Every structure is written in C-alpha cells, then in structure tokens.
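Numbering (our numbering), first residue to last: 58 to 384. Every residue gets a Cβ at the ideal spot worked out from N, C-alpha and C, and that includes glycine. Since the model is a prediction, treat every value here as computed from it, not as a measurement.
Here's what the structure looks like:
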C-alpha cells in the first residue's frame, strides 16, 4: 500500500519523479482495503482466498497474505508482452523457509509446437533459495537469476526482462544476479495463455506462503534510477477522491469509436487525462474541467485497444479501455 506524506510536494502530478515511475506502467496493485483493484489501469484482479493483512507500514488490510491455499488471478491479455521489454516490481515477506511455491508466474503455450513457456518466480524445496525463472519450449531451456532470501522480513524485488538478452534481479535496490536470456524465449510472449497468477502455479499444485504488496508490471526495462525510486518510495496516506470509486467505463462513448470518442469528468475536481495504446505509449494528454466533457479525434489512430486514465490532485485515479475500429 502507498501513502502520501509531506513528500507530496515532490511527487505531484507532472513531477519528473512521479512521471518516471509511470512511464511504461501497465498495472499497479496496492491492495488497499483488501482488494485486488488495479490502481493505475483497468486490469482489476480476482482475489481467490488471499487474505488482506497489514503492510510494511503497519496499515491494516493493505497487503495480501497467501496461506498456501489462496491466490490472485490478474488475467492474461494485459500481460502479453509481445515485442516489449518488461519488468516486475513488488514487496514480499516470507512466512517460513520450509515451502516450495510460486509467488508470481505467467505461462504461455505455443500453438505451433504445443510446448509451454513461462516466466516468474519460484522457491526451491528449502524455501530460502529463490529463482527468477525463464523457460522456453517444453520448459527444457531454462535461464535463472538466483538469490538467497536472508530473513523473514519485508524485501523489495525488481525483475527486469531485457530483449537485448539480460535477465536481471534486484533485491532492496542492489543488483544480485544477471544472466543472459535466449532470444527465442520472447517469441511466445504475445501468445494468449494462462493468467498471471500471484500465489500459485497454473496447475494449482504449488502454492505460495507469504505476503505480497505493491506489485507493478511495466512494459519496459527499468533502470537503476527507477529501482532506487521504487525502493525509497514514501509512505503515502490514502486520500479521498471521487475518481477512486468512479466507473469510468460509464462515462466514455462511443465504444468502439471510429471517428471521435467523447468522455466526461463527472467529479467536482479538475483532472488530468492520458490516453495510451496497447504498448503503453502515450497518444494524448491533457486536462479536463469538473463536470465537463472532452471529445478527441481518433480517425487517424490505428485500430486496436487503448486505455484512458484520469487522475486528480488528491491522488484519485480511474481508468478504462476503449476500442478504435475501422468500418
């Protein structure tokens, strides 16, 4: 969970640091109020028996505990990385050193070979040795970044999958391992497959025991400066905002759009809006006044899925998807 403090002045909308941590961001899960809501985009997860608990700042119901039975399903389509570099950032606290399981895993099956590929994190039988796994083509071509978890406290992890050929693992902002990835691995990343799961593998045979918080998925290779910012991110109190609970899908039309698309800000506050394409590239950015509508021209945009996000100065965020199509 994230909270604003006096550092709000440094992290206001438009701040270079704030923008840096949102560049290429696909989804962000704070687990506030015990939900698996996406606090950046429209990709809400489904919580299946994961237990809301206190986070690393001791805030109640602000992280998710996995007891060896529960998991969270984040879906498939948003996390098909196609031709992108990608990164995952999260906080994790182990409960014990005696289990084998998957905190995070995504599996894809190549329809041309019927062979599975996967990326994610798993623990070995001793429960202390963690491996960031990349497996391609019947899981026989494995590459790993390895780490030994020092204790049962909170630690910050960043995993970077770089198409130039590197798999990199940071723990608590320090680079702990880096290995080459076979470029063949990336051939399957755009293929429809199983969901991105937190807390278990796809076969439901190996469950995780421990706590996860503040998970973010990026469609880019994070840099060392990004890792530092994520590790040092401040305690930020939850603000009240009309946008927080707004179903933005009800305020956007037509969807699908052909020539133009109109959306409404029904709240009492001015908001910033950003439109990104399926590769998380920014298409349009601007401001929208309270209780007003804005129309944007999409006739020259490629057909496909786009994300509209609105956010206000209280930290409230709402997002939805829309489709641009051609007759």
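When burial is assigned at 16 or more other CB atoms within 10 Å of the CB, is residue 376 buried or exposed? buried
Quick check on DSSP: helix, strand or coil for residue 162? strand
Between which residues of its own chain and residue 278 is the CB-CB distance below 7 Å, once the five residues before and five after are set aside? 142, 144, 217 and 219
Distance, Cα to Cα, residue 288 vs residue 344? 30 Å
Assuming residue 189 and residue 146 make a contact with CB atoms under 8 Å, what is their CB distance in whole Å? Not confirmed; about 13 Å, so no contact.
Between the CA atoms of residue 150 and residue 228 - distance to the nearest angstrom: 12 Å
Ranges of the beta strand (DSSP E) found wholly within the stretch 304-378, counting only runs of at least 3: 317-322, 328-334, 339-345, 349-354 and 361-368
Using only CA atoms, which one of 362, 187 and 306 lies nearest to residue 234? 187
Residue 288 lies in the beta strand (DSSP E); which residues open and close that run? Unbroken run through residue 288 is the alpha helix (DSSP H), 281-288; no beta strand (DSSP E).
Look up residue 266 in the DSSP assignment and give the residues it is bridged to. 124
If you draw a straight line from the alpha carbon of residue 306 to that of residue 381, how long is it in whole angstroms? 15 Å
Name the DSSP bridge partner or partners of residue 235? 225
What is the DSSP secondary structure of residue 91, counted as helix, strand or coil? helix
CA-to-CA distance, residue 122 to residue 112, given in whole angstroms: 10 Å
Okay, do the stretch 268-284 and the stretch 82-101 touch, 3+ Cβ pairs below 8 Å being the bar? yes
What is the rounded straight-line gap between the Cα of residue 205 and the Cα of residue 178? 13 Å
Express the C-alpha separation of residue 180 and residue 163 in angstroms, rounding to a whole number. 15 Å
Tell me the rounded alpha-carbon separation between residue 262 and residue 128. 12 Å
Cβ distance (whole Å) where residue 300 is taken to contact residue 324 below 8 Å: 6 Å
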